[in-house]
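In the numbering used here, the protein residues as written are -4 to 246.
Remarks on the structure that follows.
Here's what the structure looks like:
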């Protein structure tokens, strides 16, 4: 949510859409801290015949902007990664030359942009191109005063209208794709190791593996140990495991 390209206003609206709650409900202490500003806004809104909802929305956007800024300031390496991957992908699309960001290799040929993961698997984006957009953080400015940004565009399934169409992405979203993909690779390799040791896997839930075993066979300690093993391609990656045993599945 705080990713590169996600401004305060967009973040506030995303939180509302995903959770049904306003930023004001998540950060009540921020509302108190902005008490004077809120009172000033409400007085002005009353003079201009604006609703309390408009004031609340403005305040929510301001708090969201603060939250996004604080997150980025305290996670400089993550912020840098967003930008580095975004720029490398843009350069690869424009030049068709291979780029590297850390352990990730980016290539673009035959209508496919590919981000090669440390495991050797790739994430593919069809018909990639570079488009120009107005900077999200400048949307309150007049059109001619907004900063222009290059952004990655590709063909994909739109999750809102559920149609195959052109869709845009950016550094934070690309990093999310990579992070989820690497996590999936780690999980799938762990599942193969578990099955090789005789554990009968009957399902997965996000990052959980569910195995069913007869009484007296296998152990939680062994299960956790197998799950926590780090593949050669992920050397140095910290992996922690927390499991439980029960007669029935529970969260």
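A virtual CB, placed ideally from N, CA and C, is assigned to each residue, including glycine.
So, with DSSP's three-state summary, where would you put residue i?
{"i": "residue 166", "result": "helix"}
{"i": "residue 203", "result": "strand"}
{"i": "residue 225", "result": "coil"}
{"i": "residue 214", "result": "coil"}
{"i": "residue 102", "result": "strand"}
{"i": "residue 175", "result": "helix"}
{"i": "residue 65", "result": "helix"}
{"i": "residue 193", "result": "coil"}
{"i": "residue 198", "result": "strand"}
What residues are listed by DSSP as bridge partners for residue i?
{"i": "residue 248", "result": "Since the first residue shown for the chain is -4 and the last is 246, residue 248 is missing from the structure and cannot be characterised."}
{"i": "residue 124", "result": "148"}
{"i": "residue 132", "result": "BP columns for residue 132 are empty, so no partner."}
{"i": "residue 118", "result": "110"}
{"i": "residue 254", "result": "A question about residue 254 goes unanswered here, because the residues of the chain that appear run from -4 up to 246."}
So residue i packs on residue j, CB below 8 Å; how close in whole Å?
{"i": "residue 189", "j": "residue 149", "result": "35 Å between Cβ atoms; not a contact."}
{"i": "residue 143", "j": "residue 127", "result": "5 Å"}
{"i": "residue 112", "j": "residue 202", "result": "With a Cβ gap of about 17 Å, residue 112 and residue 202 do not count as contacting."}
Return yes when the Cβ of residue j is within less than 7 Å of the Cβ of residue i, no when it is not.
{"i": "residue 225", "j": "residue 80", "result": "no"}
{"i": "residue 119", "j": "residue 228", "result": "no"}
{"i": "residue 101", "j": "residue 110", "result": "yes"}
{"i": "residue 215", "j": "residue 236", "result": "no"}
{"i": "residue 64", "j": "residue 166", "result": "no"}
{"i": "residue 153", "j": "residue 164", "result": "no"}
{"i": "residue 196", "j": "residue 186", "result": "yes"}
* To do: Please confirm if the segment 210 to 218 is in contact with the segment 93 to 102, defined as three or more CB-CB distances below 8 Å between the two stretches.
  => no
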